[in-house]
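Number of protein chains: 2
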Amino acid sequence: MASIPPRVLPAYGKVKAFIKKRISTGIWKPGDSVPSESVLMVQFGVSRMTVNRALRELMGEGLVTRVQGSGTFVAELHRISSTLSIRDIHEVVVERGHIHTARVLLAAAENASADLARTLGLSSGGPVFHTILIHLENGVPIQYEDRYVNPAAAPRYLETDFTRITPTHHLLEEAPLTEASYSIEACLPSALEAKHLEIKSGEACLAMMRRTVSGANIASVARLVYPGSRYSFAGKFQA
Amino acid sequence: MASIPPRVLPAYGKVKAFIKKRISTGIWKPGDSVPSESVLMVQFGVSRMTVNRALRELMGEGLVTRVQGSGTFVAELHRISSTLSIRDIHEVVVERGHIHTARVLLAAAENASADLARTLGLSSGGPVFHTILIHLENGVPIQYEDRYVNPAAAPRYLETDFTRITPTHHLLEEAPLTEASYSIEACLPSALEAKHLEIKSGEACLAMMRRTVSGANIASVARLVYPGSRYSFAGKFQA
DNA sequence: CAGTGGTCTAGACCACCGA
DNA sequence: CGGTGGTCTAGACCACTGG
Numbered sequence: 001m002a003s004i005p006p007r008v009l010p011a012y013g014k015v016k017a018f019i020k021k022r023i024s025t026g027i028w029k030p031g032d033s034v035p036s037e038s039v040l041m042v043q044f045g046v047s048r049m050t051v052n053r054a055l056r057e058l059m060g061e062g063l064v065t066r067v068q069g070s071g072t073f074v075a076e077l078h079r080i081s082s083t084l085s086i087r088d089i090h091e092v093v094v095e096r097g098h099i100h101t102a103r104v105l106l107a108a109a110e111n112a113s114a115d116l117a118r119t120l121g122l123s124s125g126g127p128v129f130h131t132i133l134i135h136l137e138n139g140v141p142i143q144y145e146d147r148y149v150n151p152a153a154a155p156r157y158l159e160t161d162f163t164r165i166t167p168t169h170h171l172l173e174e175a176p177l178t179e180a181s182y183s184i185e186a187c188l189p190s191a192l193e194a195k196h197l198e199i200k201s202g203e204a205c206l207a208m209m210r211r212t213v214s215g216a217n218i219a220s221v222a223r224l225v226y227p228g229s230r231y232s233f234a235g236k237f238q239a
Numbered sequence: 240m241a242s243i244p245p246r247v248l249p250a251y252g253k254v255k256a257f258i259k260k261r262i263s264t265g266i267w268k269p270g271d272s273v274p275s276e277s278v279l280m281v282q283f284g285v286s287r288m289t290v291n292r293a294l295r296e297l298m299g300e301g302l303v304t305r306v307q308g309s310g311t312f313v314a315e316l317h318r319i320s321s322t323l324s325i326r327d328i329h330e331v332v333v334e335r336g337h338i339h340t341a342r343v344l345l346a347a348a349e350n351a352s353a354d355l356a357r358t359l360g361l362s363s364g365g366p367v368f369h370t371i372l373i374h375l376e377n378g379v380p381i382q383y384e385d386r387y388v389n390p391a392a393a394p395r396y397l398e399t400d401f402t403r404i405t406p407t408h409h410l411l412e413e414a415p416l417t418e419a420s421y422s423i424e425a426c427l428p429s430a431l432e433a434k435h436l437e438i439k440s441g442e443a444c445l446a447m448m449r450r451t452v453s454g455a456n457i458a459s460v461a462r463l464v465y466p467g468s469r470y471s472f473a474g475k476f477q478a
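First to last, the sequence lines map onto chains A and B.
Residue 79 in the working numbering is what sits at position 79 of the first sequence, and the numbering runs on without skipping anything.
Count along the second sequence from 1, add 239, and you get the number used in the working numbering.
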């Protein structure tokens, strides 16, 4: 008996909206229990699957927690979480309608230090690929990219023309991404970084350390330095 | 908590795993079409709802895109997205097993400048609450918090003992969060900030600008400054 | 034990796309 | 038009929680 097809908001959406509203207005506070699926079923006149989907999605959004055998509860909202996207810098720049270019400062195979070999998960201190690039937006340097690549993950890495194809782009095609971790911190640029970014050595920078995993290999570790005056990360969260 | 998977993967999980594997190994490349729900139904011997759930979750994870009437396709994986959590600093510090304390430098009502009134969405330049505090972890300053609060959203804000309850905590209880946006950038601290953070004025810092919305009100705008040497944001992404 | 959520089925109607 | 995904139902069995 598919009732009236809600061409505006689907039934599970109505259930979600109802619960969201009660949470966001504070009627239900963190820790409070949310009505059970069977109660909501009756209340909205929908099937259990529909209620279940609504609650499952709310859990995915971090608004409620669910415990089998126990119930559904308003989550402790003591955190704001949002999605931080890390994208190929070429795409980002082009999307802004600007011109992306790159200068290649280094593209070579090197012998890995013991430290680096460990970071890349290499048993022996074999060769690794090392590239250093400057990315420019409309001719202005916006990123210093210092990257080490595991040859096992992308054997043809050095054949790439990095003025046309970014390392990130090549790696995404060559070594399908399975995992990545990063950290963002503030730092002052080294003399070399400052010179190539064309900033004063006292200017604060954002540094992102990024480590990517492809299958069994640690594919690459990179240090990306952005001039603080020309770059920021932004994000948004909606309940 | 979520580390013990069911002894057998649920049916929808098997479908997801199958598709994920084909994407992560590069057998299916971005833009390729994924078998339709009806094909996967037969292939796995499950109902359409089960296949649908698998595909819907994969879309939520950003691995595939779906177009009604057209089909399901492997997403362009040219972005890494991950969840950046912004949490109450008190919780973070305590969770690390450390002691959180706070120094209150300012807690007062002020007349909003025209600029600030606009930022907070106040029609007139009425009073706003202004607090400045230093958060310390085991006695070491880790965050300078300069915050303006809309009195309409949290009228009792200034009654709070900020050495015991963080502004974030009070606001989350008083003004249920509906929306937040932030940006992270690198900067050098002002003389005042450097002094209270007990760092040199030339040390790079992370600055987060955060704006929170509660219902119809812009509840608060804050500038949070972290010494670069003592703080970083980290995140992780898994395919 | 009764109640909860976790999963699953075998249908169904609809809106949309491309040929 | 046939095929696709979007949604929904009215059942069902199971595992887990709590008293």
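Every residue gets a Cβ at the ideal spot worked out from N, C-alpha and C, and that includes glycine.
By the criterion of a C-beta distance shorter than 6 Å, B/A293 is surrounded in its chain by Y251, V254, K255, once the five residues flanking it on both sides are discounted.
Nearest neighbour of A/I99 by Cα position, chosen from A/T178, A/G139, A/I218, A/L197, turns out to be A/G139. Using beta-carbon distances, A/L188 counts as an interface residue toward chain B, with a partner under 7 Å. In the DSSP assignment, A/L224 forms a beta bridge with A/E145, A/M208.
Around A/A222, no beta-carbon contact reaches into chain B at under 8 Å, the shortest distance being about 12 Å.
Residues of the stretch 190 to 207 of chain A whose Cβ lies closer than 7 Å to any Cβ of chain B, in chain order: G202, A204, C205, L206. Nearest Cα to A/I132 within the set A/L172, A/A109, A/L120: A/A109. Of all residues in the stretch 43 to 71 of chain A, only M49, G60 come within less than 8 Å of chain B when Cβ atoms are compared, listed by chain position.
Interface annotation for the stretch 130 to 164 of chain A against chain B: empty, criterion Cβ-Cβ distance under 9 Å. Residue nearest to B/P394 within the set B/P366, B/G360, B/V343, B/V464 is B/P366 (criterion: CA-CA distance). DSSP, reduced to helix, strand and coil, places B/F283 within a helical segment of the structure shown. Excluding five sequence positions before and after A/I218, the CB atoms of its chain that fall closer than 8 Å to its own CB belong to T119, L120, G121, N150, A153, R211, T212, given in chain order. Contact annotation: in the stretch 242 to 266 of chain B, residues whose CB is within less than 8 Å of a CB in chain A are I262, S263, T264, G265. Going by C-alpha positions, A/E173 is about 43 Å away from B/P415. Segment contact: the stretch 191 to 198 of chain A against the stretch 265 to 280 of chain B, fewer than three CB-CB distances shorter than 8 Å; contact not assigned. For B/F312, no CB of chain A lies under 7 Å from its own CB, so it is not counted at the interface with that chain. In the DSSP assignment, A/F162 falls outside any alpha helix (DSSP H), carrying neither H nor E. Spatial neighbours of B/F312 in its own chain (CB-CB distance under 7 Å, excluding positions within 5 residues in sequence) are listed in chain order as G270, D271, S272, V273, V303, T304. With respect to the C-alpha of A/S47, the residue from A/I184, A/F162, A/P10, A/E76 having the closest C-alpha is A/P10. It is roughly 8 Å from the alpha-carbon of B/T264 to the alpha-carbon of A/G215.
For A/L171, no chain B residue has a C-beta closer than 7 Å to its own C-beta; the minimum C-beta separation is roughly 11 Å. Contacts with chain B at 7 Å (Cβ-Cβ) include A/I184. Judged by their CB atoms, A/A207 and A/E185 are nearer to each other than the 7 Å cut-off. DSSP, reduced to helix, strand and coil, places A/K236 within a strand of the structure shown. Rounded to the nearest whole angstrom, the C-alpha separation of A/F18 and A/F44 is 10 Å. Interface with chain A (7 Å Cβ-Cβ cutoff): B/P415 is included. In this structure, B/A419 sits near A/F237, with a CB-CB distance shorter than 7 Å. When only Cα atoms are considered, B/L375 and A/S220 end up about 35 Å apart. Residue pairing by DSSP puts A/Y182 in a beta bridge opposite A/R210, B/G474. In this structure, the beta-carbon distance from A/H90 to A/Y144 does not fall below 7 Å. Distance between B/D385 and B/A346, taken at the CA atoms: about 10 Å.
Counting only runs of 4+ residues, the alpha helix (DSSP H) found wholly inside the stretch 351 to 380 of chain B occupies 353 to 358, in chain order. When A/S201, A/R56, A/E76, A/G235 are compared, the shortest CA-CA separation from B/D327 is found for A/E76. Considering only B/R335, B/L355, B/I373, the residue with the shortest C-alpha distance to B/L344 is B/I373.
For B/V303, the enclosing beta strand (DSSP E) starts and ends at 303 to 306. Under DSSP, B/H339 forms a beta bridge with B/E376.
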